[in-house]
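Residue 719 is where the sequence shown ends in the numbering used here, and the numbering goes up by one at each step. Don't be surprised by glycine CBs; every beta carbon is placed ideally from N, CA and C. All figures in this text were calculated on a predicted structure; none of them were measured in a lab.
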Amino acid sequence: MKNCCSPFWAVACAVLCLFVFGAALPVSAQTRGDAPFANTSRHAVEERMPTALLRGVCDMDDENVEVEAEGGTPQAGYATLGEAFVAINTGVHTGDIAIEICGSTTEAGPAVLNSSGAGAANYSAIHIYPLIDDAIISANTGQGRGVIELNGADNVTIDGDNPATENINRNLTVTNASASTTNYTSAIRLVTSAAVTSVDNVTIRNMNLNGSAAGRNISSAPTGTTSASNTTFGIFVGGQGPATETGDPLAIASIAVGNVANSINEAATVNNFIAENNAVMNSARAIKFWGRQVARSNSVIVRGNLIGNPNTGDADGVYSMGITVQGSSNILVSMNTVYVESYLATAIRGIEIGPETAAGAFGTVVVEKNQVRRVKSNAGASHGAYGINVSGGSNHTFQNNFVSGVINSQRSTTALNLTSDAVGIRLGAGSDHKVWHNSVHLYGTIAIGASDMNMSTALGIVGNNQTGISIVNNIFSNQIIGGGASFTYNLIFYLPYTTLNANRLLTVNNNAYYVSPSANSFLAKTGGAGEPDPNQLFLAANFDPSSTSPPANFRSHTSVLGSTSNDDSSFATTDAPPFVSDSDLHIPTAYNTQLESGGADVGVLDDIDDDARTSTPDIGADEITAPSSAPVILSGRVISSGFRPLNGARITIMGGGIVQPRSVTVNGFGFYRFEGLEAGQTYIVSVSARGAVFDDPIRVVSLDTDLTDLDFYALP
């Protein structure tokens, strides 16, 4: 355990706290604020902490966890997080509460935080954060339980960034230390039931989250759908809450589609949920938000997370699904980097909108600016591998995504139906989807077993009854090689329609089709599942955007499925795609071909890097823009409602070419400054300060030159 402030260092530590956090007192105005996009409404603090206490400082000897509270007992130390939760649950600490991790803990079991109002618990908000680097909270939870369980707890932020360390970092790890074969475990779990009716305003950010399923990407690990490789979680949001509001949560017992007890309770809400900038490993499903009705959640944001293991073939990783979300009126899955690999005997996915199929489980869905870099099935029999998959709902938007490295094996299958195949973007259900400005690149060598069928495709539509789909401004590349000589089909497009008419309302145009010159590579397969008739296979060499004939021209097919102008501005080639690499789908600045300004204006304002698009955009997720060589500066002030500097305010910037969000605390005069920013980029700048509410806390700015007056003003 790190003792941040021994008596000898008390004076020096107080000075350090003043420097880092702006002011020692009052605590409500100086504790570290939230990162971008968090709920900016704050509890109005009326009482002040005693002047002897310092938030942001480990000032109690030999305690791993410190609680500092607005009401009740103002400060106490505990050996574990679970003990701190027990104190809060029994009303020892009340009001606005900070839980500071000052040393690693081994919990006796799940650490359960009840809701305010359950029994004696009475709090307005809880912030959990480390004050040391490399802190670990671990527990052997047993089957179906999480290390940290929010049992109806509202207004909770778990932030793994040590505020005393420069920039945003992941300084806190939560590890489920149960045996690797244990089912249904999680690192962090949100719990609902008929008695526990809300887990609203929860943010989980900047964390390292390790599930219990370590080392499962090996051929000897159990691969069934009820194995730990398919049933464990990093973050789990669902049901199985207690029968009473102070009871212990029940264990998750199933992941079966349609299961009511384990999903979010039909009487509960999980509003304003954010999972941001976490790194998740050793779980079947890294982040699972399991709702069944849109009325149960007004917003889910899963953004900027690192899912899985970048190293191909490593035993540790994420094995079944990277991100799986459903059951909210607004779903945003954005800026995540995803790796999934396993020997599972079922289809694996990078990003899954589902897997529930009921239309009532989906509202507005936007999946954008993600990088799915690997979804690799190593199974001994052919099973599906999907980069981005849709299982339910309609009118979803998929834009500005990179999808690469999706591949399976060719062993023991006779199906060509998009179930046991490798698919970059798989539209498995629903109509009126928008697939705009994506870059999809399949590559690698298929492992061959018996002479069985196998198919890979950059994009596939599963159902003959799916209509109104718009597929515009995408780069689709399939460079996969290998497989059996007679039963292998590596495609750009899979279209299921057996009847060709304009009622399909399909819009397909301004796409770039990069088809491998190797054997078994085709521009498209049409006509549904099974072994294709030769007339249902289309070659890149026969594609002519200027004509709707002859029948061998793929445009003769797409032009009768909706608009007669379909594919008149697309192109097909057997040239190699111009990506930086197989895993980096950016286009080199010097590259200038049909991709440049070859797109149509569909209202997408920027690209995967937040570079602005014009009315004649480039094809693909990356707008080919030459950066300026001269960096620029962004600065300003944060002013309180009394027009004085707001000490302790924190400014965070993300976007542009910034890989990880950057944060600074204002100085004693309220000034902040970011240097070395790339010109010509769009940035998102946000402010936070405990006890303060801002009229405009999030700004979007495009920087071509220095900007020195981006000021933020707190409301009275």
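Beyond the five residues adjoining it in sequence on each side, V511 comes within less than 6 Å, by CB distance, of I474, T561, N569 and D570 in the same chain, given in chain order. V438 and Q469 have their C-alpha atoms some 14 Å from each other. When the five nearest sequence neighbours on each side are left out, the beta carbons in the same chain lying within less than 7 Å of the beta carbon of L710 are those of L637 and V704, in order along the chain. Annotation: the continuous beta strand (DSSP E) that includes E152 extends over G149 to N154.
Between the alpha carbons of Y516 and G602 lies a gap of roughly 13 Å. N523 and F88 have their alpha carbons spaced roughly 60 Å apart.
DSSP assignment within the stretch 218 to 299 yields the following whole alpha helix (DSSP H) runs of 4 residues or more, N-terminal first: 231 to 234. Our two residues, N233 and R676, have alpha carbons roughly 46 Å apart in a direct line. Contact annotation, G390 with V375: C-beta distance approximately 5 Å; criterion of less than 8 Å satisfied. Annotation for A278: I207, I238, I290, V305 and N308 place their beta carbon closer than 7 Å to its own, counting only its chain and skipping 5 residues before and after. When the five nearest sequence neighbours on each side are left out, the beta carbons in the same chain lying within less than 8 Å of the beta carbon of I642 are those of P648, L649, G673, D714, F715, Y716 and A717, in order along the chain. Taking a C-beta distance under 7 Å as the contact criterion, V370 and A388 do not qualify as a contact pair. Remark: C-beta atoms of E152 and V115 approach each other more closely than 7 Å.
Residue state for A527 is assigned as strand, using DSSP reduced to three classes. In this chain, the beta strand (DSSP E) harbouring N481 covers I478 to N481. Contact check between the stretch 219 to 229 and the stretch 265 to 278: fewer than three CB pairs, one atom from each, fall below 8 Å, which does not count as touching. The stretch 477 to 487 makes no contact with the stretch 498 to 506; the number of CB pairs closer than 8 Å stays below 3.
Counting only residues of its own chain and dropping the five nearest sequence neighbours on each side, G163 has a CB closer than 6 Å to the CB of R173, N174, L175, N209 and M210. Assignment of P719 by DSSP, reduced to helix, strand and coil, places it in the coil class. Close CB contacts of V465 within its chain, under the 6 Å cut and outside five residues either way in sequence, are with L421 and G431 (chain order). For V583, the three-state secondary structure derived from DSSP is coil. Of the residues G325, D99, G463 and S302, the one whose Cα lies closest to the Cα of V283 is G325. In this structure, S141 lies away from A82, with their beta-carbon atoms at least 7 Å apart. Taking all protein chains in view, the Cβ of G533 is surrounded by fewer than 16 other Cβ atoms within 10 Å, so the residue is classified as exposed. T400: member of the beta strand (DSSP E) spanning T400 to Q402, first to last residue.
Looking at A450, S442 and N481, the one whose alpha-carbon comes closest to that of I590 is S442. Following the DSSP letters along the chain, one finds L706 inside the beta strand (DSSP E) bounded by residues I701 to L706. Excluding its 5 nearest sequence neighbours in each direction, T448 has C-beta neighbours in its own chain below 6 Å: I484 and G485, listed in chain order. Sequence-distant Cβ neighbours of A217 in its own chain, meaning closer than 7 Å and more than five residues away, are S183, N285 and D319. For the pair S118 and L193, the Cα-to-Cα distance works out to about 11 Å. Taking a 10 Å sphere around the C-beta of L608, we find fewer than 16 other C-beta atoms and assign the residue as exposed.
Comparing alpha-carbon positions, the option among V202, T502 and G242 lying closest to A156 turns out to be V202. Taking the Cα of A575 as reference, the smallest distance to any Cα among T567, I611 and I622 is reached at I622.
For the set G366, I334 and I451, the Cα lying nearest the Cα of A384 is the one of I451. When C-alpha distances from I131 are compared across I191, G120, A111 and V199, the shortest belongs to I191. By the neighbour-count definition (other C-beta atoms within 10 Å, threshold 16), P499 is a buried residue.
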